[in-house]
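Visitor: Oh and the sequence shown: position 47 is 28 in this note's numbering, straight run, nothing missing.
For every residue, glycine included, the Cβ atom is placed at its ideal position computed from N, Cα and C.
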Amino acid sequence: QVQLVESGGGLVQSGGSLRLSCAPSRSIFSFIAMGWYRQAPGKQRELVARVTSGDNTNYADSVKGRFTISRDNEKNMVYLQMNSLKPEDTAVYYCNTQPSSGDPYWGPGAQVTVSS
-18 QVQLVESGGG LVQSGGSLRL SCAPSRSIFS FIAMGWYRQA PGKQRELVAR
32 VTSGDNTNYA DSVKGRFTIS RDNEKNMVYL QMNSLKPEDT AVYYCNTQPS
82 SGDPYWGPGA QVTVSS
């Protein structure tokens, strides 16, 4: 079992920035990919950004150029830097890890609210 601890959510004005952090209870080297998903009220959960063990990244079109996902191998952390936030970015953000086998793990979620 893997626990994921998210931090960094909160309330910010439109155009502002936030950084989400995810700390897994196991080495990030044990995962083939880590990512961030989000779910807004009444909507399906969607991929925001993902980074593989080979440091390949992919982003949702809606966040390209504004959000950056990164890994800190020494600190065993994954981050999501969110700039130029918009009200439509308001959602619960979930850290996700994909092990080499078995089901992915999810964090409990961090609320991000962007006011207009």
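1. Less than 6 Å between C-beta atoms, sequence neighbours within five positions excluded: which residues of the same chain meet that for residue 107?
2. Quick check: what's the CA-CA separation for residue 0 versus residue 62?
3. If I measure Cβ to Cβ from residue -9 and keep anything under 8 Å in the same chain, skipping five residues before and after, which residues do I get?
4. Rounding to the nearest angstrom, what Cα-Cα distance links residue 41 and residue 49 in this structure?
5. What residue does the beta strand (DSSP E) around residue 68 start on, and which one ends it?
6. Indicate whether residue 14 and residue 29 have their beta-carbon atoms separated by less than 8 Å.
7. Quick check on the burial criterion: 16 or more other C-beta atoms within 10 angstroms. Buried or exposed for residue 5?
8. Would DSSP call residue 8 helix, strand or coil?
9. Could you tell me the alpha carbon to alpha carbon distance between residue 43 and residue 68, rounded to whole angstroms?
10. Identify, in the order they occur along the chain, each residue of the same chain with its Cβ nearer than 6 Å to the Cβ of residue 34, setting aside the five sequence neighbours on each side.
Guide: By the coordinates alone:
1. Because residue 107 is not part of the residues shown, which for the chain are -18 to 97, the question remains open.
2. Cα-Cα distance, rounded: 4 Å.
3. The residues are -1, 92, 93 and 94.
4. When the Cα atoms are used, residue 41 and residue 49 turn out to be separated by approximately 11 Å.
5. Premise fails: residue 68 is in no beta strand (DSSP E) and is neither H nor E.
6. Contact flag unset, no.
7. Only buried fits residue 5, as 16 or more other CB atoms lie within 10 angstroms of its CB.
8. In the structure shown, residue 8 falls within a coil segment according to DSSP collapsed to helix, strand and coil.
9. Distance between the alpha carbons of residue 43 and residue 68: 12 Å.
10. Shown here for residue 34: same chain residues with a beta carbon closer than 6 Å to its own, the five before and five after excluded, namely 13 in chain order.
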